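Protein chains in written order, with my numbering: chain A, 1 to 1001; chain B, 1002 to 1492. All C-beta atoms, glycine included, are put in the ideal place defined by N, C-alpha and C. If you're wondering where the values come from, they're calculated on a predicted model, not measured in any experiment. A short worksheet on the structure shown next.
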Amino acid sequence: MRKFSFLLLGALLFCIQLIAQQRTITGKVTNTDGLPVPNASVIIKGLPGGTTTNTDGTFSIRLPDKAKSLLISAIGLSDMEVVVGNKGIINVSLQPSDKSLQEVVVVGYGSQRKSDLSTSVGKVSGNSLENVPLSSPDQMLQGKVPGLQSATFSGQPGANQQIRIRGVGSYTAAAQPLYVVDGIQINSGDLSRETTTTNVLAGMNPDDIESISVLKDAGATSIYGARGSNGVIIITTKRGKAGKTQFKASAEIGQNTHGDIPSIGMPLRSKDWLTLFKESLVNAGRTAGYADTLASTTYGDGSTDVDWLGLVTRVGKQQQFNLSASGGDQATKFFISGGYFKQEANVIGSDLSRYTSVINLDHSVSKKLSFSLNLAPSYTKQNTPLSNSSAFSNPVMEFYFLRSLQNPYNADGSLNINTTSKDFSSTYNPLYIVKNDIHIANTVAGNAKAGAKYNILDNLTLSSSLGFQYNSLEEYYYNNPFHGDGKGANGRGYAYNTRYSLYDFNSALDYKANLIKNGDLVLNAKVGYEAIQSRGYFVSAQSQNFPTPTLTDAIIASTPTIASNSGSDYTFASELATARLAYKNKYVLEGSFRRDGSSRFSANNQYANFASGSAAWYISKEKFMENVDFVSDLKLRASYGTSGNAEIGNYAWRQTLGYGLNYNGQPGGGFNNIGNDQLTWESSKQTNIGIDMSFLKGRLGLTVDAYRKIIDGLIFGVPTSQTIGFSTINKNIGAMQNKGIEVTIDATPVSIKNFSWNMSFNFTYNKNQMKTLPPNQFQVLNGSFVLRQGHDFYTFYLRDWAGVDPNNGDPLWYVDSSRKATTNNYNVAQRVATDKTATPKFYGGFSNTFTFKGISLQTDFYYNYGNYVQDGWAAYFYDEVNPSYGKYTYNLQRWQKPGDITNVPKPVYGATNFSSSASTRFLFKGDYIRLRNISLGYSAPRSLTDKMHINSFKFYVRGTNLWTKRYDKNIPFDPEQNINSQSNLNVFYNKAVTVGINIGF
Amino acid sequence: MQQMKIFMKLYIPIFIACMLLASCKKSFLDKKPYNANNLSTAITNETDLKVAVTGMYSGLRATDLYARTLPVKGDLMADNAYVTTANSGRYITLNNFAFNNTDAYAAGVWSNAYVVIKYANTIINTNLPTSAVVTQAQGEAYAVRALMHFELVRNFATAYTVDKTKPGIAIVTDFKQDALPPRNTVQEVYASVIADLEKAYSLMTQYRGTAYFSKYAARAIEARVYQNMGDWANAKTTALDVISNSGWAMLSSAAYVSPSTTTTPVTTAYSPGGYWANPAVQTSTKNETLFEVACDLASNNGFDQIGYIYLTVGGGYGDLLATQELASLYSATDVRKWLSPIGTRSGQSGTVYLCYKYPNPANGVDKDDIKVIRLSDVILIAAEAYYNSSDIANANLYLNKVAQQRDPAFAGYANTGVQVLEDILTERRKELAFEGSRLWDLIRLQRSWTKTKNQNPLTTVSVTPSSTALLYPIPVTELNANPNMSQNSGY
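Structure representation (structure tokens):
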């Protein structure tokens, strides 16, 4: 008993002593707006011990006597050190940090603070993706990230977007970057088989996106191994944060109209069309009387003068509605959203509506174990008439091909489907087609991911996740029996079901060690494993001969013509590892390694190894920089590494006998794939040097990157002699190089009490050069382009137009590149590798935001310089080589009498001089500046929102693509075409005006 | 602590095992295509060989081979057809008699013919135990290979009768991935064609129907080849072999053509009836057709069927019309007149003659088959062979076999001297119109002619034996890939 009480006393005394040696400090952490900062870290400097603030910003911490000061830090805010002294309560107000280097950036398999990056990564935050009337987030990237070229080739809602990061990266393999959505390497792009263009990302609501990271240099992309060479775009959806549940609701409506069509590119109206037509007949040796008769009997007398533009375009409606809730506590966090988006194109018959939802959950079971769940289902409905050149039923094509003399209506007001030469003998009435044909693509899609994280030790974490992407497109195409493609077969119905399912399993061990006790030298290492499998499943059915136009599904038709299924799969199995060594966060060294095996690589050559190394030197943290006040941050980075491009065909390497070569009702097969058992991935080596600078306490930021990327093992369809029964064999044989400079300038020129002006300017210069072509090949033809050593990938290779002979109106071309002689014989003129390319010399964006109290005005310009655009359909719309079609207004400048100096030759009916065939005559400067966005918004002040019992209220008006300046007076259409700058009668680019409100409560 | 130890003991090894396992699981990285087999193991028995033979024939159905371009070329570049005013832009270069070295139709014939040769070589070079099926299959492959080399040499090279020492085309008998063959001479090519046809004749024993080659179909092609060579002795022997021994016969005039109406202009409901309106292949009968390329509902070229280029029925392009000169050759009692009746074509003024040899492109049950060689052609070859051996009596006899079969009221030809040749050529023109034959007759006999570009307003092109476009250009893609290949002059 005595022993026990003595012990008890001793314990008590010990406790009292302990208590006497400790005291409790409480406090509250807020930001400059006076709002509490939850989850801020409060550590005792130099001693173990710390805590985090509660959701209301308060904290309570036991301090030993020795403790002198507290270190308080939070993401997005500057760290602060507070001397404790004798205080019992410490209230701290944290300043906003220099945003540019403190924000968190998602990178491959992890995230880093921007200040810790040693690689070149561009980030677009979710804010700039909200309230934008574009149908997919990749469209919104244009002009936002230097080094990323994003081309919108069609104004069709939900159109695929062509993106190239640091130049064109491949010739045969796909050149699109790898898309990773919430850790899943998704099947992206246009998965449809019958629809002109669709986009997997159009099934994503940009409002649900937290951020997009664009990985550009090898240091960042090498961790994606054989798929990283074209750059990687990582999209991360929003997740909940602990705190009171925040609701956000937004609504937007507006309208879409067609983009500018230069007046010289407008088709001629009846009077002028007939004048030119008759003149061409006279020039062909006919009498004027004959010309008059032929014109009026074949096409009409001109009393019909239809404005096809008005008929084929419309004012489309635009609307979107979103609602989200985000919240949680220390253990569980959630983000739930739902959205509806509808966009009617500026051309008849084309629209998109989309329903999306995101449910993201995070739950900590204990300090050691946590798991997360992502669910993102979506449903997209698209109506798409054939919206590029493919067929006569494309309204845009008909707008150019039809004559104003063709009347879409009969005298009684019904739609005209007569097939006399005056009516629709070889072309179709687009109004009838849009009304009676069906062309839809419905996509049911969803991403799902379940992941778990286990902290084996404090510095050793195991995480695993299984992600799943599902895309099912139901495409249906119905041609009516009376007019158009279905006429001959009494109606046709095509039903295509295209289904892709992909799973991505990855597991990794993360290890962190303080190699020096005080935390000066930190090692982060990761070792992991990933397996990806994608299955494509395709079912096709086609029938014709319908009994009635009142029902349109193929089941009622009498004759099935296609009934088939097929599939296409690929797999990847990889091991990956990264390591990062940081000394005092001043010197950083990083490395990555990945080993990929894929079903796409031949069995002889199945595994690929990739590695990278990068380093960063945070110069501004050096002692000698301490007194340089005007430089607040200065960091130098360099990286070098390898990555690959594995977007080659799924089965391309196999030499096979294929089936489906049926004949006379019997199944047939033949040797139809030449294969190549040496075929494998393309690889790239990239060097990058970058510098990030920040001046005047963050008022001015400058980032410059210079890079050189050499792409090797480029797969070329090396032309073979066609006598072997093939025309090409794929070999990894070429090389090309992209080098360039990217510059970003962020500045806040004005920041006074109620007014601030932020601006952001970026500039990209990229030069592409072919380095190696297949052996014995001086050049490789690529349509209108040629690949030649030392030249840009998209070098135009055309006959060199020399104008029109003033004496007789003949078209002239230079005989060859020496330009010493001209000829009027198209066959004698040789094609020349011009100095004109489809690739721009430089491009970029320029944004300005002006804020006055609650009002903000933002303008975003996009500029593009140095490329040329080719009119791919010139043969039909210039001159009278094909007299029955529509003609550009430009043709009115034609040669009429000797002495005329003009660029339009003498129009001759049915001329066989190839004057409108491909040549540099139809290359136009693709330079332009476009006002991509101008928006005026008003955010209600606290006083007003408090009265309304909500957190925030914003109202905005926004104009998209309202103004464009072109620089070639002869270009007949908008300069923004494909990545390969060839026009293809796509839906016109979209101009939109929208108004909307955002409410947070 | 305990829990963690267990965890470490369990999970880490599992994790590492997974990593190692997956990299060892070969089958995970072995994904086979859904529609093909590895070439080396694809043909192992008779059934596989027959499948390969079927695949070879399907190659002949390429739009730029027999499905459209070859038959069209033979009439459009000659004096039988022209492109109408309101057209879809097809075959303009043929109509204008002007090609450049990127001409798509030329390139199409070149590449597709060599693809079929590749398929034929796969079959010929496969070693399977001999049997009736295997020898028949290989015999058919020899015949198809010969046919393709023959079409290539007469499209891309100087006619044998003009200069057989000129460059021909490359003879290909095996698959070599890196081959860059030069052009064999015209003489060498014809020699290999004859050798292949002789081999085919000796190997084949079965008649599988008109959609496949048979012994006598190969012989008939051989007769045609000798005709193009001007080798009349052999032309006569082979033609007579077919006529006497094959068991093939011509149809009666009523069975040949039986028009649905004789009121002109005809409407889109018109049918020529009889043999030409029947899209079915023959499986056991031997009427008229020795060999044809079969098209049916499941396997046809859609809008690229030859019927659609001649007719507007079913939404067809209707780009080609028959020339007045051709139509005026038929007498009032010649049933073949009803294969080019007067009709209408929007955008075309004047009298319009349509071609109705391919009336089934929109048929919901079966599609037109393209005749490659018919008995009447062989009979006329015999007539011409007799003429060239100065046997005028037999020349007229055989000539009249065809002429009087088609026109029962016709008294028969009875001319002498060089007029007989003209009669034969005229009869050939009347009989084989729209089957791609006319151009070759004109070229091998070194004729000049006026090609109609459009009937109304009448525009023409004058063609002489020295016109560049008599030969297709070797496609520029071939020349770029194969430095040993030379181009034809004028391109």
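Measure from the C-beta of residue i to each C-beta in chain B and report whether the shortest distance is under 8 angstroms.
i         : result
LYS887/A  : no
PHE1001/A : no
PRO408/A  : no
ASN827/A  : yes
ALA573/A  : yes
THR461/A  : no
So what does residue i bridge to, in DSSP terms?
i         : result
TRP757/A  : VAL750/A, PHE850/A
ARG595/A  : GLU575/A, ASN609/A
ILE359/A  : ILE336/A, LEU375/A
GLY669/A  : TYR659/A
ALA445/A  : SER378/A, ASN471/A
THR744/A  : THR703/A, ASN762/A
GLU81/A   : LEU71/A
ASP116/A  : DSSP output for ASP116/A lists no bridge partner at all.
ASP520/A  : According to DSSP, ASP520/A bridges with nothing at all.
ASN1481/B : None, per the DSSP bridge assignment.
VAL804/A  : PRO811/A
At least one CB of chain A closer than 8 angstroms to the CB of residue i: is that the case?
i         : result
VAL1154/B : no
ASN1361/B : no
GLY1344/B : no
PHE1214/B : no
THR1451/B : no
THR1055/B : yes
GLN1178/B : yes
ASP1031/B : yes
SER1024/B : Low local confidence applies: a pLDDT of 49 at SER1024/B is under 50, so the model's placement there is unreliable, and no value is given.
ARG1069/B : no
GLU1189/B : no
Looking only at its own chain, which residues have a Cβ that is under 8 angstroms from the Cβ of residue i, when we skip the five neighbours before and after it?
i        : result
ILE16/A  : Confidence at ILE16/A is low in this model, with a pLDDT of 49, below 50, so its placement is unreliable and the value that follows should be read with caution. No residues qualify anywhere along the chain.
PRO549/A : ASN436, ASN480, PRO481, PHE482, GLY491
Could you name the residues of the same chain whose beta carbon sits closer than 6 angstroms to that of residue i, not counting the 5 residues immediately before and after it, in chain order?
i         : result
ALA1160/B : ILE1444, ARG1445
VAL124/A  : LYS144, ILE212
ALA249/A  : LEU323, ILE999
ASP805/A  : LEU812
Which same chain residues, not among the five before or five after residue i, have their C-beta less than 7 angstroms away from its C-beta?
i         : result
PHE1100/B : THR1094, ALA1107, ALA1470, TYR1473, PRO1474
SER1024/B : Caution applies to SER1024/B, whose pLDDT of 49 falls short of 50 and renders its modelled position unreliable; the model cannot decide the point.
TYR989/A  : THR152, GLY155, GLY259, ASN961, ASP974, GLU976
Pick out whichever of the options has its Cα sitting closest to the Cα of residue i.
i         : options                                    : result
GLU1289/B : LEU1327/B, THR1042/B, SER1261/B, VAL1379/B : VAL1379/B
LEU141/A  : LYS906/A, MET770/A, ASN762/A               : ASN762/A
ASN1481/B : GLU398/A, VAL718/A, GLY493/A               : VAL718/A
GLU1326/B : GLN1228/B, ILE1343/B, TYR1414/B, GLY1248/B : ILE1343/B
ASP56/A   : GLY27/A, ASP65/A, ILE72/A                  : GLY27/A
LEU700/A  : LEU634/A, VAL282/A, SER353/A               : LEU634/A
Are the segment 683-692 of chain A and the segment 638-645 of chain A touching, with three or more C-beta to C-beta distances below 8 angstroms?
-> yes
How about the segment 225-240 of chain A and the segment 169-184 of chain A: do they share at least three Cβ pairs that are nearer than 8 angstroms?
-> yes
Is the segment 245-258 of chain A in contact with the segment 337-350 of chain A, if contact means three or more CB pairs nearer than 8 angstroms?
-> yes
On the three-pair Cβ rule with 8 angstroms, is the segment 590-605 of chain A touching the segment 563-571 of chain A?
-> yes
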